[in-house]
Structure formats: C-alpha cells, structure tokens
Amino acid sequence: MSAPSSLPQTAPFLAVAGIEVHYGQAILAVRDVSLTVEEGQVVALLGANGAGKSTTLKAISNLLGPERGAVSRGTITWRGEAVSRLSPSALVGKGVVQVLEGRHCFQQLTVEENLLSGAFLRRPGRRQLAEDIERIYAWFPRLKLKRRTKAGLTSGGEQQMTAIGRALMTRPRLMLLDEPSMGLAPIVVQEIFEIIRTLNRDSGVSFLIAEQNANLALKYADVGYVLETGRVAMSGPAAELASRGDVKAFYLGEASPK
Ligand code: ATP
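Reminder that position 159 of the sequence shown reads as 511 in the working numbering, one-by-one numbering, no gaps.
Structure follows, in structure tokens:
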C-alpha cells in the first residue's frame, strides 16, 4: 500500500534549484540549472563542451572559489540543508565528494599512498584503514596489483580508478564524477562504469556523473539531464532520453546540431 500523500515528503538527497553561476564579473557559465539526485540513484549530467557541466558540479561542492566563480542565484541543498556556506572539506564530512575532471592523482605518491590520503579527513584507526583499503582493492583489483607503483607511472585508466578509489576512502553517500571517460580507451571506460554500477548496487553510493559521452552515461544512469549553454534543455528517465530522436541526433553523435 502506498503512503498517504498528506505525509511529509522526505527531502531529496541533493537538490539544485535554479542556480546561476558567474566567473569573475562577466562570464555567465550557468544560467538556470535545477536537478535532483535521490538516494541510491545514478544521475547523468550531459551536454557538449562548455555547456556548464563542470561548473554545476563545482557549484555543488563549493569548488568555484579558486576560479573566481560564484553562485549568484538559486539554492543547493544536501539532505534538506543549504550547503552554499560549507567548505569543500565540510561537505566531504557530510558525505559528498567530487572527483575532478582529469583524474587528479599525486603523481609522485604510490597508488596506495594516494588511496590513504583519501582517509585523511576521517582519521580512522589503523585496522579500520586497512579494512577500507582492502574494500577499495576488492572493487578495483587492478589497483592492488599496482599498489606500490607511483601513480604517475600507471595508465590513464588506473589513475582514474585511483582518483575514484581515493574519493571512496572518504566513505561518501554521493559522488560527483566529472568526465570519467575523458581520454580513456572504450574498454577501460566500460570497466570503470561497470565498477560504478557495482558500487551503486552493493554499497548504495549515489552518483552524479558529468559526461560528454551521453550514449554510455545513459546506459548506466537512472535519470539524465541535458545541459545546453548553461540551462537544462531536457531531462527524464535515462532509457527515455536514450530513445528520443532529438537527444540521439544532437547528443549521441548520430547527427550534428545545425
Ligand atoms: P567541458 O566538458 O569542456 O568541461 P562543461 O560542460 O563542463 O564543458 P564548463 O567547464 O562548466 O562546461 O564551462 C561552462 C562555461 O564557463 C564555458 O563557457 C567556459 O568557457 C566557462 N568557464 C569554465 N571555467 C571557467 C573559468 N575558470 N573562468 C572563466 N570561464 C570559465
């Protein structure tokens, strides 16, 4: 039996409502973006180069400051709490972590040292830390093989896995992933998306994934949003978006926009 509609609805996990983002005084990068991520969902944020995907993710994790960016309108809430004044690290403490575009790793540290750095905020005990590392290796067996190799000497796919693994060490509830497929061979990208699916199913981590590769992202997502010059142009269940002719034509590479 479904719950009576008069019961209070629980707030969505993440709610972005009508945000506008500027860089400096002049550049309007995001004009009007609203989206939600419900607990347990994988949500794809799609759009061409420059559509505003990275800016939206950085607005959520409060990473715009160093680029002189700021949210000038709208609200962002995490489990009902406004997060615009939280530092990125406070947000990580609340369960929201971002993996930046370009698979940032500490190149001179080993894969394992990179992973360990992800636990810094939580300061777990030695046993807990060892258990957490083993959990990451269970998801990414390739990283176990490379645990003593400097991250800078591993492949692009392994660096992306290291960046995701390090973020997982914060024990997030929501992970924001910026272009995980960028510059990687299709087979490696597939492997990474399969791991994301497993993580989502087995440990309940929700994902908001910015991707230019709409075809791929919609295969793994529950819901998708398509951005066009800083606005949400379309949104809906991933399967529906993937089957729509206009999305296919403009975003799945079957024709070029006029
Ligand atoms: P990409 O896949 O290329 O990263 P994107 O959809 O993530 O594209 P954004 O990087 O968010 O798009 O860029 C949105 C707009 O904001 C673009 O016009 C871009 O040139 C501009 N922009 C992004 N970062 C900055 C910045 N640090 N300073 C000024 N303008 C920026």
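Ideal placement from N, C-alpha and C gives every residue a C-beta, glycine not left out.
Computed from a predicted structure; not experimentally measured.
- Within the model, the alpha-carbon separation for Ala422 versus Gly582 is close to 14 Å.
- Here Gly509 is buried. Its C-beta has 16 or more other C-beta atoms within 10 Å.
- For the pair Ile561 and Ala396, the CB atoms are nearer than the 8 Å cut-off.
- A direct Cα-to-Cα measurement between Gly432 and Thr388 gives close to 12 Å.
- Bounds of the alpha helix (DSSP H) holding Phe545 are 538–555.
- Secondary structure at Lys405: helix, using DSSP grouped into helix, strand and coil.
- One alpha carbon belongs to Arg596, the other to Ala566, and they sit about 12 Å apart.
- Within the same chain, Cβ atoms closer than 8 Å to the Cβ of Asp574 are found at Gln393, Val394, Val395, Pro589, Ala590, the five residues on either side in sequence being excluded.
- When only Cα atoms are considered, Met521 and Leu468 end up about 7 Å apart.
- For Asp530, the CB contacts under 6 Å within the same chain, skipping 5 residues up- and downstream, are Ser406, Leu409, Leu452, Glu453, Ala562 in chain order.
- Out of Glu391, Ala363, Ala400, Ser436, the CA that lies nearest to the CA of Tyr577 is found in Ala400.
- The beta carbons of Val584 and Ser413 sit about 19 Å from each other, so the pair does not count as a contact at 8 Å.
- Rounded to whole angstroms, the gap between the alpha carbons of Val368 and Ala569 is 20 Å.
- By the neighbour-count criterion, in which a residue is buried when 16 or more other Cβ atoms sit within 10 angstroms of its Cβ, Thr550 is exposed.
- Boundaries of the beta strand (DSSP E) around Thr388: 379–389.
- A distance below 7 Å between beta-carbons, with the five flanking residues on each side excluded, links Leu473 to the following residues of its chain, in chain order: Ser441, Val444, Gly445, Thr522.
- Between His456 and the set Met513, Phe559, Arg494, Val435, the nearest pair of CA atoms involves Met513.
- Collapsing the DSSP output to three states places Lys446 in coil.
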